[in-house]
Every structure is written in C-alpha cells, then in structure tokens.
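Let me begin by presenting the structure, written as structure tokens, before commenting on it.
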Amino acid sequence: MKHWEDFKVGESTELGSHAITEAEILAFARKYDPQPFHTDPEAARRSIFGGLIASGWHTCALMMRLSVEANRREQAAATGSPGLDSCRWLKPVRPGDTLTGRTEVLATWPSKSKPIGFVRRRVEMINQHDEVVVAIVGITMYRRRTAGAVATA
Amino acid sequence: MTYFEDVAVGDIMRFGRYEVTQEEIVEYARQFDPQPFHLDEEAGRQSMFGGLIASGWHTGAMFIRMVVEHMTPVHATTGAMGFDDLKWVKPVRPGDVLSVESEVKEKVAGRRPDRGTVKIESRIENQRGEVVMSLVSLVIYLRR
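So the protein sequences, as listed, match chains A and B. Just so we're aligned: 148 in our numbering is position 143 of the first sequence, and the numbers increase by one with no gaps anywhere. Just so we're aligned: 173 in our numbering is position 95 of the second sequence, and the numbers increase by one with no gaps anywhere.
This is how it looks when you write it as structure tokens:
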C-alpha cells in the first residue's frame, strides 16, 4: 500500500498510455461539449483547427483514468482531490493520437485535522510527437500510514 | 453576439439547469474515474463522503455542457486556453440540480488583433444554492 508518506518531492512516474479514437471523441463531445469542431468532422475541417479535435475536458478525463489505474497498480490510498491550481490545453488532440501520462511530485504536506496528507503534482499528457497536449497542477489527498503526529513538510 | 469589446469586468451571467442522475454518475465513472465512491452506492456510504458522489471531472464536464448550451451560441468564443484555481467544494450527488453563475474578472488584450482572453470565474451551484465547484476559465473571445 502506498501512503502519503511514500511520495517524495521530485519523484516522477509514468501513468500509462491511451490511444484516442474518433468514435470516443465524438461520443464524449456529443454528450458534454457539443461544439462543431468536437462533434462534426466536416465542420472541424473548416474550423481554425483544420480537423476534428477532442474536448479539453475529454483529455482531462483520460488523464484521470490513467491516474486512477496507476494508483490501483501502486495500491495508493488516494481519497480524492480538493482541486487544481491550473490547467492548460496546449495542443489539439486528434483521432489516432496516443497520449501518455506523466506526473511529478511538487510538494507534500499533512492535514492538520485528518489522518491524510496532500500531494501537489504536475500531471501532463504527451502525444506520440513528444508534445505536451495538456498540463495540470493539482492536489491529491492520500491516507497517512500513521494517524499520529507528523513533521510539517 | 457578444465580442471581446462587449464584455465588461463585473458582468454576471446565470444559466443552465442540469439534473444529475445516479446512472450518469456511474457511467462517467466507469469510463474515466473508476473509484469505488463514484461507482457504487454502498462503497460511497462507507467512504468519507457518506454516499455515491460524482467524479469532480464529471462535474466539470456537466459545467462545460451548460456553457456550450447557453453561452457559446451568443458569445463569439473560440475555445479556452484552460483554467486556474479549480475547487471541488462540495460533493455532487444523484438528484442534485446544477446551475452556473459566471462573473467576468479580467480582460487581457494580448498581442493578437483579432482576439482577446477573458478570465471568467464560474460557480457551479446545486439546488440549495451551495457552490459545489468553482474555477476561473481563460476564454478566448473574437474581436468585432
């Protein structure tokens, strides 16, 4: 089991990969982000993007999926997230792209009132051309190994 | 159509009505966020959340659906660069009805003559008027 105490600042982890299909892009966008450049390949060709692109919220959802799977592999005791400092959609994501998740620990600190700790991390999705398509800085909560006193990180 | 020039700091927009169902919470979670408290009522009850709750990213997806339905048709926007300061404040549960209140916080002209960036703070509220999520979006507006 991986607890809060096991996260070290500077530690970098690969989260795994996902190849995104046109069908997935269309299904997500039709339900949640029905803008023509996400839902209509022909309209997308005529848009400033020059072709169908995934909703940024879809790319983030896939990043979450890879994070959850990585947590499961590591048996990490994640208990949710209070939020994100930032999210930037840096490059369009297109059908056939293979996105690989990568995360780096930026800071850790314990909760003062609960037996958990916080991990601030940068998470990126990188395409097959080695371009970062989305980058977030967010906070994840993990259970602490011991609920007793801890030194402030 | 509302263009970059038409947006003023302090403008407030209220829009959207999204009924959250258990079926949709579980469907989203299966695809994108398969943690027990998003998938299963019983597991949710045993968690610190005391019941099934929506993935925070699902709340974000429901937010963008309301934006695309109500704002995009009348605002000359061409996507967003991203967002800052997203907070998942309260759990979203089956049966909740969400709506949005957005406030223009800042206009950034930038270097491009045909567009500008507008920082818009949005608060997603439930049927009791409680803020469940908030964020500051960096929305790209076209100029007239």
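Every residue, glycine too, gets a C-beta built ideally from N, C-alpha and C.
In the three-state scheme derived from DSSP, where H, G and I count as helix and E and B as strand, Lys165 (chain B) is classed as strand. Cβ-Cβ distances below 6 Å link Asn76 (chain A) to Ala83 in the same chain, with the five nearest sequence neighbours on each side left out; the list follows chain order. Ser17 (chain A) is classed as exposed because its beta carbon has fewer than 16 other beta carbons within 10 Å across all chains shown.
By the beta-carbon neighbour count (other beta carbons within 10 angstroms, threshold 16), His134 (chain A) is exposed. As DSSP reads the structure, Phe123 (chain A) sits in a beta bridge with A:Trp114 and A:Met146. With respect to Met149 (chain B), Met79 (chain B) sits apart: the two C-beta atoms are not nearer than 9 Å.
Here Gly94 (chain B) carries a strand assignment [DSSP, helix/strand/coil]. Here Gln113 (chain B) is buried, its C-beta having at least 16 other C-beta atoms within 10 Å. Comparing alpha-carbon positions, the option among B:Glu184, B:Pro169, B:Thr155 and B:Glu208 lying closest to Val178 (chain B) turns out to be B:Glu208. Only residues of its own chain outside the window of five on either side were considered, and among them Gly194 and Thr195 have a CB closer than 8 Å to the CB of Gly188 (chain B), listed in chain order. Residue contact with chain A for Ile142 (chain B): present (Cβ-Cβ distance below 9 Å to some residue of chain A). Taking 9 Å as the CB threshold, Thr84 (chain A) lines the interface with chain B.
For a cut-off of 8 Å, the C-beta gap from Ser86 (chain A) to Thr145 (chain A) is around 5 Å, short enough to register as a contact. Along the segment 67 to 78 of chain A, going in chain order, the ones with a CB nearer than 8 Å to a CB of chain B are Leu67, Met69, Arg70 and Val73.
Between the alpha carbons of Arg206 (chain B) and Glu47 (chain A) lies a gap of roughly 42 Å. Proximity of chain B to Tyr147 (chain A) at the Cβ level (cut-off 7 Å) is not reached, the minimal Cβ distance being about 13 Å.
In this structure, DSSP gives Lys13 (chain A) a state outside helix and strand, which the three-state scheme calls coil.
Taking all protein chains shown into account, Gln40 (chain A) has 16 or more neighbouring C-beta atoms within 10 Å of its C-beta and is therefore buried. Annotation for Ser212 (chain B): the continuous beta strand (DSSP E) segment containing it runs Val209 to Leu220. Around Leu89 (chain A), the beta-carbon contacts reaching into chain B at under 7 Å are Leu164. Val98 (chain B) is positioned such that its CB atom lies closer than 9 Å to that of Gly173 (chain B). By the Cβ test, the segment 6 to 20 of chain A is not in contact with the segment 109 to 124 of chain B, since fewer than three Cβ pairs between them sit closer than 8 Å.
Under a criterion of Cβ atoms nearer than 7 Å, the residues of chain B adjacent to Arg93 (chain A) are, in order, Met159 and Gly160.
Taking 8 Å as the upper bound for CB-CB distance, Ala154 (chain B) and Val217 (chain B) are not in contact here, some 10 Å apart. In the structure shown, Asp84 (chain B) adopts helical secondary structure according to DSSP, grouped into three states. Within a 10 Å sphere around the beta-carbon of Asp111 (chain B) sit 16 or more other beta-carbons, which makes this residue buried.
Within chain A, the residues Thr84 have their CB atoms less than 7 Å from the CB of Met126 (chain B), given in chain order. With respect to the C-alpha of Ile58 (chain A), the residue from A:Glu79, A:Arg126, A:Asp90 and A:Asp102 having the closest C-alpha is A:Asp102.
Residues of the same chain with a CB within less than 8 Å of the CB of Asn204 (chain B), apart from the 5 flanking positions on each side, are Lys168, Val170, Asp174, Val175, Leu176 and Val210 in chain order.
Straight-line spacing of the CA atoms in Cys92 (chain A) and Ser200 (chain B) works out to 15 Å. Taken atom to atom, the span from the alpha-carbon of His43 (chain A) to that of His136 (chain B) is near 18 Å. For Gly21 (chain A), the secondary structure class from DSSP, reduced to helix, strand or coil, is strand.
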